[in-house]
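Just so you know, the protein sequences line up as chains L and U, in that order. Those letters in the first sequence? Residues 446 to 688, per the numbering used here, in order. Those letters in the second sequence? Residues 14 to 225, per the numbering used here, in order. Built from N, CA and C at the ideal position, the CB exists for glycine as well.
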Amino acid sequence: TLLAILCTDAPVPPPALSSLLKIATNKSFNCISIDGDTSTNDTLAILANGAAALPSTPGSQSQDSAPAIPNDPKDPDYIAMSRVLTDFSQRLAQLVVRDGEGATKFVEVHVHHAPSVADAKAIASTIARSPLVKTALYGKDANWGRILCAIGYTPNLSEGAVVPEKMTVSFVPVDNSASRGEGALRLLVNGEPERVDEERAARLLQDEDLKIDVSLGTGMEEAKYWFCDFSHEYVTINGDYRT
Amino acid sequence: LDSSIPESKQKYVPTSGTYPKGFKVSGTHVGVKPANTKFPDLAFIVSEKPCSAAAVFTTNKFQAAPVQISRSMLEARKGEGVRGVIINSGCANAVTGRRGEEDALAMGEKASSCFPDDPDDGLGHRSIVMSTGVIGQHLPINKILDRIHQASSNLDSSHSAWLTTARAICTTDTFPKLLSTTFTLPGSAHRDVVYSLAGMTKGAGMIHPNMA
Numbered sequence: 446t447l448l449a450i451l452c453t454d455a456p457v458p459p460p461a462l463s464s465l466l467k468i469a470t471n472k473s474f475n476c477i478s479i480d481g482d483t484s485t486n487d488t489l490a491i492l493a494n495g496a497a498a499l500p501s502t503p504g505s506q507s508q509d510s511a512p513a514i515p516n517d518p519k520d521p522d523y524i525a526m527s528r529v530l531t532d533f534s535q536r537l538a539q540l541v542v543r544d545g546e547g548a549t550k551f552v553e554v555h556v557h558h559a560p561s562v563a564d565a566k567a568i569a570s571t572i573a574r575s576p577l578v579k580t581a582l583y584g585k586d587a588n589w590g591r592i593l594c595a596i597g598y599t600p601n602l603s604e605g606a607v608v609p610e611k612m613t614v615s616f617v618p619v620d621n622s623a624s625r626g627e628g629a630l631r632l633l634v635n636g637e638p639e640r641v642d643e644e645r646a647a648r649l650l651q652d653e654d655l656k657i658d659v660s661l662g663t664g665m666e667e668a669k670y671w672f673c674d675f676s677h678e679y680v681t682i683n684g685d686y687r688t
Numbered sequence: 014l015d016s017s018i019p020e021s022k023q024k025y026v027p028t029s030g031t032y033p034k035g036f037k038v039s040g041t042h043v044g045v046k047p048a049n050t051k052f053p054d055l056a057f058i059v060s061e062k063p064c065s066a067a068a069v070f071t072t073n074k075f076q077a078a079p080v081q082i083s084r085s086m087l088e089a090r091k092g093e094g095v096r097g098v099i100i101n102s103g104c105a106n107a108v109t110g111r112r113g114e115e116d117a118l119a120m121g122e123k124a125s126s127c128f129p130d131d132p133d134d135g136l137g138h139r140s141i142v143m144s145t146g147v148i149g150q151h152l153p154i155n156k157i158l159d160r161i162h163q164a165s166s167n168l169d170s171s172h173s174a175w176l177t178t179a180r181a182i183c184t185t186d187t188f189p190k191l192l193s194t195t196f197t198l199p200g201s202a203h204r205d206v207v208y209s210l211a212g213m214t215k216g217a218g219m220i221h222p223n224m225a
């Protein structure tokens, strides 16, 4: 089960708070997967009490409350608050993935050049849930075939979202990777498999953190998802957990 | 608490934080699971004054009792006048029928009774309720209710209190997940104000959220 509680002393009335939370959730906690199971109890709540007061003016003892943030997606304060809340929620959600039961890897999958955000998110979600992708990552296997397989069976995509001849898939080292200087490891380019340097792939897959980059080549939209690998330990933990 | 956290995860646990004004939190030991004899498993997060609140919930068709009770409370109050969040770990209070709903409501009401100065506006309790743990078991509700006033007495705004509270919501998690930050807003009315945002989360398995 996922539970999360956010608290801020910014003055955000309920309508704005609700819409800001939905935006943040759809780009953070709704974009993570450990084992593909959706709990009966998942809840993310946010409280905003407006207690951060305006600084008192010279000669004044009182501290006034700041005015409320309007529920207006074009308002600069709303936009800034949305960015803060979304970034913060992503960092918090990523901590959950890092603590996935038995996880040894933290993976970001970035699907881009998709016809719609929904298409990109659906594909990222399917990759993140695939047991065979997840076990390949645990086994440090650059098995792009399993990634393509997951992309190919993603349900409810728009017409023309996936065109095999336009697909490019790469593994990308993270900023602190020893492999960073070697750049992205291209696995498939415009539907054609690349000759993979197995030693390089093995070095890259030693890292705890990894990025999978998927270009559909069929549009301009994108989505990110964060997930972990699937290990023996996951089975051990959940084989012992009793209802 | 730190001794139970794997060395590889220590780097994700903050040693300090900047927390929002007007909030106090506590983590208290109840022993929801009889085997838990020392770790906090009741978290209480409180705004010193009634505040705005919003939430998103699982879209699983089997919605646990605390999900239903919390959604009802927020709808009744239209997200206004909320005082806090009460959470137990160790038992999810899910698929527990009418008794489960009564237990979740009792948690919300008991938590709200810690603030007797709040006016009775006829809208019921003012607390979001959450539970996490095994499915299909009833809460040891009396043990929980008996500790809520102690949880209220333990409320504090220190980093240590926030960390203990984050620990109290954990189940199979190996470390408490807590973050805080400060930010400013560009509008002229807000330009000189430094705001704070804090968050805690839990989850290690049964994780593929789709909340709305």
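| Asked | Found |
| --- | --- |
| Would you list, in chain order, the members of the segment 451-481 of chain L that have their beta-carbon closer than 7 Å to a beta-carbon of chain U? | Leu451, Cys452, Thr453, Asp454, Ala455, Val457, Pro458, Pro459, Leu462, Ser463, Leu466, Lys467, Thr470, Phe474, Asn475, Ile477, Ser478, Ile479, Asp480, Gly481 |
| Does the CB of Thr599 (chain L) have a neighbour CB from chain U at under 8 Å? | no |
| Excluding sequence positions up to five away, which residues of its chain have a Cβ less than 7 Å from the Cβ of Val578 (chain L)? | Ile572, Arg591, Ile592, Ala595 |
| For the alpha helix (DSSP H) containing Arg112 (chain U), list its first residue and its last residue. | 110-125 |
| At a CB-CB cut-off below 7 Å, which residues of chain U make contact with Phe533 (chain L)? | Leu192, Thr194, Leu210, Gly212 |
| Roughly how far, in whole angstroms, is the beta-carbon of Lys123 (chain U) from the beta-carbon of Ile161 (chain U), given that I think they are within contact range, below 8 Å? | 5 Å |
| Using a beta-carbon distance cut-off of less than 8 Å, what residues from the segment 69-80 of chain U approach chain L? | Val69, Phe70, Thr71, Thr72, Asn73, Phe75, Gln76, Ala77, Pro79, Val80 |
| Using DSSP's beta-bridge definition, name the partner residues of Pro638 (chain L). | L:Leu633 |
| Which two residues bound the contiguous beta strand (DSSP E) that contains Met143 (chain U)? | 140-147 |
| So, does the CB of Arg640 (chain L) fall closer than 8 Å to a CB anywhere in chain U? | no |
| Could you check whether Asn49 (chain U) and Pro79 (chain U) sit closer than 8 Å to each other, using their CB atoms as the reference points? | no |
| Closer than 8 Å by beta-carbon distance: list the chain U residues that pair up with Val483 (chain L), in chain order. | One point to set straight first is that residue 483 (chain L) is Thr, not Val, in the sequence displayed. The answer, in chain order, is Thr71, Thr72, Asn73, Met219, His221, Pro222, Asn223. |
| If Val529 (chain L) sits next to Ile657 (chain L), beta carbons under 8 Å apart, how far is it from one beta carbon to the other, in whole angstroms? | With 8 Å as the limit, Val529 (chain L) and Ile657 (chain L) do not qualify as a contact, their Cβ atoms being about 27 Å apart. |
| Using a Cβ cut-off of 7 Å, which residues of the segment 46-60 of chain U contact any Cβ in chain L, in chain order? | Ile58, Ser60 |
| Hey, Asp674 (chain L) and Met224 (chain U): beta-carbon distance below 8 Å or not? | no |
| Grouping DSSP H, G and I as helix and E and B as strand, with all else coil, what is Pro387 (chain L)? | The requested residue 387 (chain L) does not occur in the structure, where chain L is confined to residues 446 to 688. |
| Can you find a C-beta in chain U that's less than 8 Å from the C-beta of Thr663 (chain L)? | no |
| In chain order, which alpha helix (DSSP H) runs of at least 4 residues are fully inside the segment 457-519 of chain L? | 459-471 |
| Measuring straight from C-alpha to C-alpha, what distance separates Arg111 (chain U) and Ser478 (chain L)? | 31 Å |
| Would you list, in chain order, the members of the segment 569-589 of chain L that have their beta-carbon closer than 9 Å to a beta-carbon of chain U? | Ser570, Ala573, Arg574 |
| Taking Gly664 (chain L) and Ala559 (chain L) to be in contact with their CB atoms under 8 Å, please state how far apart those CB atoms are, rounded to whole angstroms. | 5 Å |
| Determine the chain L residues that contact Val108 (chain U) at a beta-carbon separation under 9 Å, and present them in chain order. | Thr485 |
| Helix, strand or coil for Val43 (chain U), going by three-state DSSP, please let me know. | coil |
| Is the beta carbon of Glu61 (chain U) less than 8 Å from the beta carbon of Gly35 (chain U)? | yes |
| Touching or not, the segment 523-538 of chain L and the segment 645-662 of chain L, by the rule of three or more beta carbon pairs under 8 Å? | no |
| Can you tell me where the alpha helix (DSSP H) holding Phe533 (chain L) begins and where it ends? | 521-543 |
| Between Thr28 (chain U) and chain L, is there a C-beta pair that is closer than 8 Å? | no |
| Where does Ser140 (chain U) land, buried or exposed, given buried means 16+ other C-beta within 10 angstroms? | buried |
| Counting along the chain, where does the alpha helix (DSSP H) carrying His677 (chain L) start and finish? | 677-685 |
| I need the boundaries of the beta strand (DSSP E) containing His557 (chain L), first residue and last residue. | 551-559 |
| If I measure Cβ to Cβ from Lys257 (chain U) and keep anything under 8 Å in the same chain, skipping five residues before and after, which residues do I get? | The displayed coordinates of chain U run from 14 to 225. Any statement about residue 257 (chain U) would go beyond what the structure contains. |
| By alpha-carbon positions, which one of U:Thr185, U:Arg90, U:Asn155 ends up nearest to Gly135 (chain U)? | U:Arg90 |
| Can you tell me whether Tyr32 (chain U) is helix, strand or coil according to DSSP? | coil |
| Going along the chain, which residues of the segment 127-146 of chain U sit with their C-beta nearer than 7 Å to a C-beta in chain L? | Ile141, Met143, Ser144, Thr145 |
| Given 8 Å as the limit, is there contact between the segment 144-159 of chain U and the segment 114-134 of chain U, that is, 3 or more CB pairs closer than that? | yes |
| What residues from chain U crowd round Pro512 (chain L), counting only those whose CB sits closer than 9 Å? | Gly200, Ala202, His203 |
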